Amino acid sequence: DLFARRRQTELKHGRIAMLATMGYISPEITGKFPGYLSPSLGLKFADVPNGLAALSKVPTAGWGQILGYMAFCEISQDQSAGTAAAAGDFGWKVLTSADPAEKTKKLSAEIANGRLAMMAIIGMFFQDGLTGSAWGDWALYTASPLRAFESELGVQAPV
Numbered sequence: 019d020l021f022a023r024r025r026q027t028e029l030k031h032g033r034i035a036m037l038a039t040m041g042y043i044s045p046e047i048t049g050k051f052p053g054y055l056s057p058s059l060g061l062k063f064a065d066v067p068n069g070l071a072a073l074s075k076v077p078t079a080g081w082g083q084i085l086g087y088m089a090f091c092e093i094s095q096d097q098s099a100g101t102a103a104a105a106g107d108f109g110w111k112v113l114t115s116a117d118p119a120e121k122t123k124k125l126s127a128e129i130a131n132g133r134l135a136m137m138a139i140i141g142m143f144f145q146d147g148l149t150g151s152a153w154g155d156w157a158l159y160t161a162s163p164l165r166a167f168e169s170e171l172g173v174q175a176p177v
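Going by our numbering, the letters in the sequence shown line up with residues 19 to 177, in that order.
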């Protein structure tokens, strides 16, 4: 069924976006792990910048480990059509429930939160790409195309 496949994909993308959003926010709030990301290269976690700037700092072997783990997660459980995993139920009852009404409520909340997270991570990527920081002061970004008409009569300066 086409709808079931699209719902399965939406759940997966929503879960990835929720993890990505938390991964983007957490180092800003809680700080970074102590120690080394790559002892052989002398690269500490503290040396890796937040946001999109981190992409070029993580060693190739680190990206290989990330991609390997992602592949493991994809192939370690049967998610073919008709299985419980295809419907987003991996048997972890913290997020679901034995009560059908409660399970429906929790899974609906997960879909809504996943949709929000998809928009949030795209917004953070966009702002980081424009300003160099997902939390940057927009007033410092003077090259914004949104400022194209600031010199015109009747346009209010950013508040």
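Idealized CB from N, CA, C, for every residue including glycine.
Computed from a predicted model, the values in this text were never measured in an experiment.
Same chain, Cβ closer than 8 angstroms to residue i, five either side skipped, listed in chain order
{"i": "A35", "result": "G132, A135, M136, A138 and I139"}
{"i": "P77", "result": "L55, S56, L59 and L61"}
Alpha carbon of residue i to alpha carbon of residue j, nearest angstrom
{"i": "R33", "j": "T39", "result": "10 angstroms"}
{"i": "V79", "j": "G86", "result": "The sequence as given places Ala at residue 79; Val does not occur at that position. Near 10 angstroms, if we compare the C-alpha coordinates of G86 and A79."}
{"i": "K75", "j": "T48", "result": "20 angstroms"}
{"i": "I129", "j": "Y54", "result": "36 angstroms"}
{"i": "G41", "j": "K123", "result": "26 angstroms"}
{"i": "A119", "j": "C91", "result": "29 angstroms"}
{"i": "V66", "j": "D146", "result": "15 angstroms"}
{"i": "G141", "j": "Q26", "result": "23 angstroms"}
{"i": "L37", "j": "K121", "result": "21 angstroms"}
Sheet register partners of residue i (DSSP bridge)
{"i": "S115", "result": "Partner(s): none; S115 has no beta bridge."}
{"i": "K62", "result": "Y54"}
CB of residue i within 9 angstroms of CB of residue j, strictly
{"i": "P52", "j": "A64", "result": "yes"}
{"i": "G150", "j": "G69", "result": "yes"}
{"i": "A152", "j": "E46", "result": "yes"}
{"i": "R24", "j": "A99", "result": "no"}
{"i": "A89", "j": "Q95", "result": "no"}
Same chain only: Cβ atoms within 6 angstroms of residue i, ignoring 5 sequence neighbours per side
{"i": "I43", "result": "none"}
{"i": "I93", "result": "none"}
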